[in-house]
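*Asks:*
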Amino acid sequence: MNKIQEKRSEEYQTLSLLSGTPLLTEPIAIDNNLAQLCIRSTTLECIEPYDNNVHILWLTNEDKLEAESLNGMNVRIYHSNNDLIDSISELQTSYVFLIIDYELVTNILSFLDDFTQIEFIYVLTKQRSTNTALITDSKRSIRKISNNKSKLFRLITEDIDICTKDLIFSTVFDLTTAEESTMQTQNASFIWHYLLIESLFDSTVYNDTAKKDLIEYCRQQISLENIQEQESINKFEQNYVSEDAIKWYTDSKFIFRELNKALRLRDIDAIFKFRFFMIDFQKQLEQHYDEEIMQSVQTVYRGQEISPLELTKLKNSIHKYISFNTYVSTTIDEKVASIYAGGPSSVLLEIEMGSPIYLKNKRIRPVYVQDKSKFQDELEVIFPIGSTFLLDSIEMKNNQWNIRLKLTNEADYDHMIDLIQRVYMKNMPPKLKFAELILSLGDIQKGERYIKMLIEDLELSADKVNIGYAYNIMGQVCLETGDNQCALSYFEKALKNQPENRYPVNIYCNLGNLYREKNEYTIALEYLNEALKHKQEIDLLELAHLYDMFANIYREMGNFDEALYYVNQSLDIRQPNRTAHHGDWITYCSIALIHAAKSDYTESLQYLRRALNIASEILPKTHPSFIYLYAFTGFMCFECQDSSLAMKYLRKAVNSIQTTQPGQNFNRFIYIFVWNLCAQLYNTSMNTTNAFYYAQEALQVYNQLQNLIPKSSVVGRSIQINLYINRLKFCPG
12 MNKIQEKRSE EYQTLSLLSG TPLLTEPIAI DNNLAQLCIR STTLECIEPY DNNVHILWLT
72 NEDKLEAESL NGMNVRIYHS NNDLIDSISE LQTSYVFLII DYELVTNILS FLDDFTQIEF
132 IYVLTKQRST NTALITDSKR SIRKISNNKS KLFRLITEDI DICTKDLIFS TVFDLTTAEE
192 STMQTQNASF IWHYLLIESL FDSTVYNDTA KKDLIEYCRQ QISLENIQEQ ESINKFEQNY
252 VSEDAIKWYT DSKFIFRELN KALRLRDIDA IFKFRFFMID FQKQLEQHYD EEIMQSVQTV
312 YRGQEISPLE LTKLKNSIHK YISFNTYVST TIDEKVASIY AGGPSSVLLE IEMGSPIYLK
372 NKRIRPVYVQ DKSKFQDELE VIFPIGSTFL LDSIEMKNNQ WNIRLKLTNE ADYDHMIDLI
432 QRVYMKNMPP KLKFAELILS LGDIQKGERY IKMLIEDLEL SADKVNIGYA YNIMGQVCLE
492 TGDNQCALSY FEKALKNQPE NRYPVNIYCN LGNLYREKNE YTIALEYLNE ALKHKQEIDL
552 LELAHLYDMF ANIYREMGNF DEALYYVNQS LDIRQPNRTA HHGDWITYCS IALIHAAKSD
612 YTESLQYLRR ALNIASEILP KTHPSFIYLY AFTGFMCFEC QDSSLAMKYL RKAVNSIQTT
672 QPGQNFNRFI YIFVWNLCAQ LYNTSMNTTN AFYYAQEALQ VYNQLQNLIP KSSVVGRSIQ
732 INLYINRLKF CPG
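Below, the structure is given as structure tokens:
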């Protein structure tokens with residue numbers, strides 16, 4: 012009996028280690044050594060050649076098929092109809108390109124009729140002839156039947172290019188969604204990206220290095236053989252001044268094209284290259300806004316080529332909100348717009364302006380730029396990044412599709428923006444917001460690069476106010492990456508550079524977290540008690556975070572009653588406050604861990620579900636926290652003897668892992684947890700093939716990390732046992 016209890020204790024110690032998915036602005040995160048290794052970094056929007064809402068799925072009967080990739084995009088492999096359908100259901104607002112092995116088409120095709128997110132279906136066959144007709148009850152047609160995988164992949168590449176090239180709109184979202192869903196996390200993704208761009212405008216990084224970075228980047232993007240464009244870059248280098256930003260945007264192809272490409276793809280590194288130009292351009296747009304002119308403009312127009320795929324997607328989005336991630340040029344003259352809408356695949360956009368004066372944020376007011384534009388006869392109106400519209404109607408008029416939009420007041424999602432800013436960015440100096448947002452989104456590697464760059468600039472300027480914040484953030488980065496000594500050094504620097512009118516509560520919490528990592532709980536509690544001395548002065552959210560930190564330490568010490576006392580103190584603060592409520596998901600995770608450690612799995616599962624619902628309201632869908640949440644929820648379902656529901660959540664965890672792209676700094680400890688649990692679940696359902704596959708996957712990652720996970724640990728033993736059992740079943744000879 013004692014051995015069983017000891018094993019259970021060890022398992023939940025591992026679970027506690029796996030649970031750490033901290034947002035760097037929150038000192039209450041449930042993290043420790045394995046957690047730092049477990050979920051290190053995924054990005055808000057994966058940087059790839061195509062829109063991150065493009066997914067390639069492959070249903071195959073090849074059990075040993077290894078992971079595939081196409082132009083840097085993961086091809087997600089499925090061996091079961093149910094797994095595939097569950098995944099497609101999760102991708103409600105995405106472009107799905109589906110490959111199906113010929114032998115499996117008949118049984119699955121009719122179930123795919125209602126999935127509007129599927130753009131094309133391709134069939135891969137081993138037969139020499141590809142002329143065999145497929146007879147099914149499905150309404151769907153097959154894009155291509157091929158016996159050549161390479162040629163089929165080339166066709167898919169071409170189709171994705173058509174689908175994603177020059178998309179009018181980057182985001183379709185529904186502000187009325189109130190439950191956990193892909194659409195809801197899509198809303199959050201849009202708003203986080205919007206805030207990221209807003210923070211860049213506040214960063215005031217205007218220096219010679221910024222201009223050189225942009226010029227070098229643009230030269231790399233333009234072929235040396237394109238003499239005209241290279242010469243245009245040279246002129247920009249020699250002649251550019253801030254007062255001519257609008258003129259350069261409307262005149263220079265390389266600025267217009269490369270900037271909007273970076274914005275459309277949400278390529279944060281490329282966007283950062285344009286930082287000094289974007290600050291100038293945005294500032295000039297705001298200065299040039301003429302209230303009298305814009306009040307007199309009722310409708311503006313834009314002619315645009317559009318793919319049939321996007322038109323279909325827009326038709327399915329009537330009465331939803333549409334957002335531009337780029338700057339968008341329009342005209343007050345319908346005839347000018349019609350010139351650009353003359354092609355067979357063109358549409359005419361009619362945008363009803365309403366009254367832009369009611370847009371509280373001056374940065375998203377449309378601006379009439381005729382006198383500043385290179386082409387004054389186009390009567391141009393520019394919509395800034397983040398402009399949002401209601402899609403009113405799509406009608407055919409005079410053999411042309413007319414898309415009617417209404418400019419909306421950003422107050423429709425103002426509450427969400429205010430929420431994220433208060434929960435994650437409160438009291439953060441403008442210069443630091445860009446790097447802090449990237450870190451809060453889970454991209455440690457990229458965030459570290461930007462915060463180091465900022466520290467270099469701040470140290471040269473002797474800016475003690477901002478440098479203290481920067482040191483504290485850098486200390487959190489070091490803590491995330493497991494470099495405790497480096498973290499301690501930065502936290503000490505942060506304490507020395509604290510402004511006199513600010514209490515160092517956050518630094519004390521971080522120091523408490525550092526010593527918790529080292530299992531030095533007495534010292535950790537001393538720092539938290541130092542922070543608690545400022546209880547009357549600090550913000551209520553900070554106090555709730557502090558209580559959560561106490562709970563985490565007492566939970567790890569095995570003092571569950573004291574841990575529950577502090578998480579309840581935190582909830583007492585959060586629940587009456589709607590804004591604070593959105594931080595509840597981390598507190599609920601902490602409570603779930605406590606109940607799991609006490610073997611109260613049902614109670615643990617209830618808190619995890621609450622955590623998932625709240626996290627879905629505020630976090631973008633690619634946030635690494637979802638991997639942990641799905642995996643832990645799946646594990647609790649497994650402990651509650653609900654293998655079917657456990658597998659559903661494990662599939663979600665697998666899908667979240669598979670959205671990470673090659674080259675991302677994503678730690679693989681979570682792989683071991685997910686793959687190993689998948690192997691156990693498939694064993695339970697007697698699915699030997701999949702059980703063996705996931706057991707091998709877990710072992711493969713484990714072999715790369717043996718120096719960090721001893722074979723005698725619960726994780727090491729579990730992997731070895733799973734693989735041994737599956738080898739006996741799969742290879743009985």
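Sequence positions in the sequence shown follow this note's numbering and run 12 to 744. All C-beta atoms in this analysis are idealised placements derived from N, C-alpha and C, irrespective of residue type, glycine included. All of these numbers come straight from a predicted model, not from anything done at the bench.
In angstroms with no decimal places, state the Cα-to-Cα distance between residue 221 and residue 464.
*Replies:* The straight-line gap from Cα to Cα measures roughly 12 Å.
*Asks:* Between which two residues does the beta strand (DSSP E) containing residue 411 stretch?
*Replies:* Run containing residue 411: 411–418, per the beta strand (DSSP E) assignment.
*Asks:* Give the secondary structure of residue 630 by DSSP, where H, G and I count as helix, E and B as strand, and everything else as coil.
*Replies:* In the structure shown, residue 630 sits in coil (DSSP, three-state: anything other than H, G, I, E or B).
*Asks:* Indicate whether the contact test is met: 3 or more Cβ pairs, each with one atom in the segment 689–701 and one in the segment 649–667, closer than 8 Å.
*Replies:* As far as the Cβ criterion goes, the segment 689–701 touches the segment 649–667, which means the pair count is three or higher.
*Asks:* Does the count of Cβ pairs from the segment 488–503 and the segment 468–480 closer than 8 Å reach three?
*Replies:* No contact exists between the segment 488–503 and the segment 468–480.
*Asks:* Go ahead and pull the three-state DSSP assignment for residue 9.
*Replies:* As displayed, the chain neither begins before 12 nor continues past 744, which places residue 9 out of reach and without an answer.
*Asks:* Helix or strand or just coil, what does DSSP make of residue 121?
*Replies:* Looking at residue 121 - three-state DSSP - the assignment turns out to be helix.
*Asks:* Output yes or no for whether 8 Å exceeds the beta carbon distance between residue 362 and residue 402.
*Replies:* Their beta carbons are not under 8 Å apart, which means residue 362 does not touch residue 402 by this criterion.
*Asks:* DSSP three-state call for residue 531: helix, strand or coil?
*Replies:* Three-state DSSP puts residue 531 in coil, outside helix and strand.
*Asks:* Apart from the five residues on each side of it in sequence, which residues of its chain come closer than 7 Å, Cβ to Cβ, to residue 496?
*Replies:* So no residue of the chain qualifies.
*Asks:* Would you call the segment 555–567 in contact with the segment 527–542, where contact means no fewer than 3 C-beta pairs closer than 8 Å?
*Replies:* Flag = yes, the segment 555–567 and the segment 527–542 touch.
*Asks:* So residue 71 and residue 327 are supposed to be a Cβ contact under 8 Å. How far apart are they, rounded?
*Replies:* In fact, because the Cβ distance is near 29 Å, the residues do not count as touching under 8 Å.
*Asks:* Do you know whose CA, among 609, 240, 554, 106, lies nearest residue 598's CA?
*Replies:* Nearest of 609, 240, 554, 106 to residue 598, Cα basis: 554.
*Asks:* Near residue 577, what residues of its chain come up, given a Cβ to Cβ distance below 6 Å and the 5 sequence neighbours on each side ignored?
*Replies:* Hits under 6 Å: 558, 561, 562.
*Asks:* In this structure, does DSSP put residue 479 in helix, strand or coil?
*Replies:* The answer is helix: DSSP assigns residue 479 an H, G or I state.
*Asks:* DSSP state of residue 386, grouped into three classes?
*Replies:* Residue 386: coil per DSSP, three-state reduction.
*Asks:* Measure the C-alpha to C-alpha separation of residue 135 and residue 394 and round it to an integer number of angstroms.
*Replies:* Near 44 Å, if we compare the C-alpha coordinates of residue 394 and residue 135.
*Asks:* Label residue 471 either buried or exposed according to how many other C-beta atoms from any shown protein chain fall within 10 Å of its C-beta, with 16 as the threshold for buried.
*Replies:* By the 10 Å Cβ count, residue 471 comes out exposed.
*Asks:* For residue 645, which residues in the same chain have their Cβ closer than 6 Å to its Cβ, ignoring the five residues on either side in sequence?
*Replies:* Hits under 6 Å: 657, 660, 661.
*Asks:* So, with DSSP's three-state summary, where would you put residue 398?
*Replies:* Residue 398 falls in the coil class under three-state DSSP.
*Asks:* Would you mind reading off the limits of the alpha helix (DSSP H) that contains residue 6?
*Replies:* Past the edges of the chain, shown from 12 to 744, lies residue 6, and the structure says nothing about it.
*Asks:* Within 10 angstroms of the Cβ of residue 392, are there 16 or more other Cβ atoms? Answer buried if so, exposed if not.
*Replies:* Classification of residue 392: buried, given that the 10 Å Cβ count is 16 or more.
*Asks:* Distance check for residue 167 and residue 60, CA to CA, integer angstroms please.
*Replies:* Residue placement at residue 60 is flagged as unreliable, the pLDDT there being 39, under the threshold of 50; the coordinate-derived value follows with that caveat. Answer to the nearest angstrom: the Cα atoms are 14 Å apart.
*Asks:* Of the residues 254, 319, 469, which one's Cα is nearest the Cα of residue 384?
*Replies:* Nearest of 254, 319, 469 to residue 384, Cα basis: 254.
*Asks:* If we call anything under 8 Å between Cβ atoms a contact, is residue 595 one with residue 625?
*Replies:* Yes. Within cutoff.
*Asks:* Ends of the beta strand (DSSP E) at residue 361?
*Replies:* Counting along the chain, the beta strand (DSSP E) containing residue 361 begins and ends at 357–363.
*Asks:* Would you please state the rounded distance, in angstroms, between the beta carbons of residue 257 and residue 380? I believe it to be under 8 Å.
*Replies:* Indeed they touch by this definition, with Cβ atoms about 5 Å apart.
*Asks:* Drop a sphere of 10 angstroms on the beta-carbon of residue 647, count the other beta-carbons inside from all chains shown, and report buried for 16 or more, exposed for fewer.
*Replies:* Looking at its Cβ environment, which holds 16 or more other Cβ atoms inside 10 Å, residue 647 is buried.
*Asks:* Could you give the distance in angstroms between the alpha-carbon of residue 263 and the alpha-carbon of residue 288?
*Replies:* For residue 263 and residue 288, the distance between alpha carbons rounds to 13 Å.
*Asks:* State the Cα-Cα distance for the pair residue 351 and residue 207, rounded to the nearest angstrom.
*Replies:* One C-alpha to the other measures close to 32 Å.
*Asks:* Cutting at 7 Å between CB atoms, please list the residues of its own chain near residue 522, excluding the five before and the five after it.
*Replies:* Around residue 522: 502, 538.
*Asks:* Going by alpha carbons, who is nearest to residue 278 out of 346, 336, 450, 486?
*Replies:* It is 336 whose Cα lies nearest to the Cα of residue 278.
*Asks:* Determine the closest residue to residue 601 out of 581, 100, 223, with distance taken between C-alpha atoms.
*Replies:* Checked all of 581, 100, 223; the closest Cα to residue 601 is 581.
*Asks:* Given that a residue counts as buried once 16 or more other Cβ atoms are within 10 Å of its Cβ, and exposed if not, what is residue 674?
*Replies:* The predicted position of residue 674 is uncertain, since its pLDDT is 35 and thus under 50; a value taken from the coordinates is nonetheless stated next. Classification of residue 674: exposed, given that the 10 Å Cβ count is below 16.
*Asks:* Could you say which of 109, 642, 114 lies nearest to residue 123 if we only look at CA atoms?
*Replies:* Nearest option by C-alpha distance: 109.
*Asks:* With distances taken Cα to Cα, identify the nearest neighbour of residue 629 among 452, 654, 583, 653.
*Replies:* With distances taken between Cα atoms, residue 629 lies closest to 452.
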